[in-house]
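Structure, as structure tokens:
Numbering (mature numbering (1 follows the signal peptide of the UniProt record, and there is no 0)), first residue to last: -23 to -1, 1 to 501.
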């Protein structure tokens, strides 16, 4: 009798809970498929954006009949509540079989579970990229590399698309291996760019069959899904062919001249404690190269697109730079507070064309609720950065490049991210929660320093065709950027004209000094 009473009480409690807890709504599903048939292979952030208009700032997708949900957040307040304030529950990663297991065998930082392995590796990166470390140790390197960027434009104007990745790759090569990328045609940079394109295409949700939710698809002939297994295994081989020689070269340098402030040496100095295998080191440092190269490079190309297609912004920015720096004084990081428009341009580039528009998916490590909605353990949860950045209620006329949006957001992006106040945050391009980009301080300095110098030195405009007509630069978000996990810019033609011969002379003199005093200490 007692057991029967307990049973019925339990049923009543369960019924009351079910009345008060509901599922997250989303697009209609099909039997057995869920929403699989609605996932595009490319440009998924655009689809998320359209769904958010119909289903609101939080909606869910179902993968298969029994698969977990994908919970998409397109609202700044909801995103901050779940990804930042409840980060203890939302910081895991979903299974990503194609790249996480086949390509990287769970050794890639981006796809690691939220465990001690992840914490130890993020700590290594964070230690070399703290705000204090950036200002004390890395800003001189960034200044020197940015000065070479100016010189390279003067010497090789036909390679405008390659100067940006050279710049960003050289900075992270120095941090990772105490090495450099001296030229726009340096082989390791070109190889990395090619491999990154394949990696980024495989990593986007919808690019491979959903084997993480429907394991039976692992056994379907891969040709039906674009030979995804072979691509993943080839990516693994090609990346190791690139990273292993870098590590071996760094080890020879270490044996010859001793330890340097690089991350490779930091790992070797702590190897008794860390106990990382060579492959773990390869992919950890490779992750630094992948993330640090492409995000800064593509944002720099977005800067060029914006300066040319919105010339009023370029004119206003150049005017402020000229008020602060004379014809013989190239701007530096020390001028930042006197050049607020440069800070605003950096933020607007990251808002207008966020490098990772659909963010890196997180996963729920236990059941959670939000305003009565049940979020199931194991569900993928992601921030649709594109949707937030193009919400007209948050950013009026979001398709227009307008740096003045950030006139009252002049502090560093990390300050606003750490405040855990979504509606007051400047932008979400660096991600959120415990897995926010660990290179946020380095990236912000790399972009701010470079953009100030570029505005001081050059006028950017459309290149003219043989008939003297301007060659258009495509900025359509659906056609001007490579589809994939990262929103990379397709190459375009442009003109960069040095503003005066005196500025050219100052650039060449400054580049010689940078080589002599800073860059020459790094082997290429």
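We treat Cβ as the ideally placed atom computed from N, Cα and C, and that holds for glycine.
Within 8 Å, strictly: CB atoms of residue i and residue j
i, j, result
"residue 440", "residue 448", "yes"
"residue 61", "residue 397", "yes"
"residue 363", "residue 317", "no"
"residue 151", "residue 157", "yes"
"residue 20", "residue 460", "yes"
"residue 168", "residue 87", "no"
"residue 359", "residue 390", "no"
"residue 361", "residue 22", "yes"
"residue 1", "residue 282", "no"
"residue 67", "residue 410", "yes"
"residue 285", "residue 126", "no"
"residue 403", "residue 313", "no"
"residue 444", "residue 384", "no"
"residue 38", "residue 50", "no"
"residue 177", "residue 405", "no"
"residue 26", "residue 367", "yes"
"residue 172", "residue 276", "no"
"residue 223", "residue 165", "yes"
"residue 290", "residue 373", "no"
"residue 521", "residue 75", "Residue 521 is absent from the model: the chain starts at -23 and stops at 501."
"residue 301", "residue 315", "yes"
Start-to-end residues for the beta strand (DSSP E) that takes in residue i
i, result
"residue 207", "Looking at the DSSP string, residue 207 is not in any beta strand (DSSP E); the run it does join, the alpha helix (DSSP H), is 205 to 234."
"residue 474", "472 to 475"
Nearest residue (CA-CA) to residue i, options the options
i, options, result
"residue 435", "88, 374, 381, 475", "475"
"residue 130", "489, 472, 493, 492", "472"
"residue 343", "201, 50, 65", "65"
"residue 382", "329, 204, 352", "329"
"residue 495", "29, 188, 122, 406", "122"
"residue 70", "140, 339, 230, 321", "339"
"residue 268", "304, 134, 419, 221", "419"
"residue 193", "265, 345, 378, 9", "9"
"residue 57", "221, 470, 401", "401"
"residue 104", "48, 265, 134", "265"
"residue 55", "254, 365, 445", "365"
"residue 376", "287, 230, 163", "287"
"residue 489", "124, 59, 39", "124"
"residue 91", "481, 154, 234, 341", "341"
"residue 137", "149, 477, 372, 470", "470"
"residue 47", "355, 379, 422, 257", "355"
"residue 348", "302, 215, 36, 227", "36"
"residue 482", "500, 63, 498, 132", "132"
"residue 225", "326, 180, 196, 154", "154"
"residue 464", "326, 501, 500", "326"
"residue 215", "254, 260, 250", "260"
"residue 311", "106, 32, 112", "112"
"residue 263", "395, 128, 107, 221", "221"
"residue 83", "253, 257, 388, 141", "257"
"residue 498", "234, 295, 478, 371", "234"
"residue 426", "485, 280, 205", "280"
"residue 278", "140, 422, 407, 319", "140"
"residue 500", "333, 5, 239, 408", "239"
"residue 319", "353, 371, 422", "422"
Boundaries of the alpha helix (DSSP H) in which residue i is found, first to last residue
i, result
"residue 178", "164 to 180"
"residue 423", "417 to 434"
"residue 131", "116 to 132"
"residue 329", "317 to 329"
"residue 104", "93 to 105"
"residue 142", "137 to 154"
"residue 494", "478 to 494"
"residue 536", "This structure cannot settle anything about residue 536, because the visible part of the chain is limited to -23 through 501."
Assess, as a yes-or-no matter, whether the stretch 272 to 280 is touched by the stretch 140 to 148 under the definition of 3 or more beta carbon pairs within less than 8 Å.
-> With the cut-off at 8 Å, the stretch 140 to 148 and the stretch 272 to 280 touch.
Touch test, the stretch 95 to 107 against the stretch 415 to 430, Cβ-Cβ under 8 Å, three pairs minimum = Contact holds: three or more Cβ-Cβ distances are below 8 Å.
Counting pairs of beta carbons, one from the stretch 70 to 88 and one from the stretch 205 to 219, are three or more of them closer than 8 Å?
-> They touch, by the three-pair rule.
Could you name each continuous beta strand (DSSP E) segment of 3 residues or more that falls completely within the stretch 11 to 55, going from the start of the chain to the end?
-> When DSSP assignments are scanned along the stretch 11 to 55, the uninterrupted stretches of beta strand (DSSP E) that are 3 or more residues long and fall wholly within it turn out to be 35 to 39, 46 to 50.
4 or more residues per run - each alpha helix (DSSP H) lying fully within the stretch 341 to 414 | Those alpha helix (DSSP H) runs which fall completely within the stretch 341 to 414 and span 4+ residues are 362 to 366, 390 to 395.
Determine, using beta-carbon pairs with one atom in the stretch 242 to 260 and one in the stretch 114 to 127, whether at least three such pairs fall under 8 Å.
-> With the cut-off at 8 Å, the stretch 242 to 260 and the stretch 114 to 127 do not touch.
Enumerate, from N- to C-terminal direction, the unbroken alpha helix (DSSP H) stretches of 4 or more residues contained entirely within the stretch 232 to 317.
-> Here the runs fully enclosed are 240 to 246, 248 to 251, 255 to 286, 288 to 301.
Report yes or no: do three or more beta-carbon pairs, one from the stretch 301 to 318 and one from the stretch 424 to 434, lie closer than 8 Å?
-> Because the criterion of three Cβ pairs below 8 Å is met, the stretch 301 to 318 and the stretch 424 to 434 touch.
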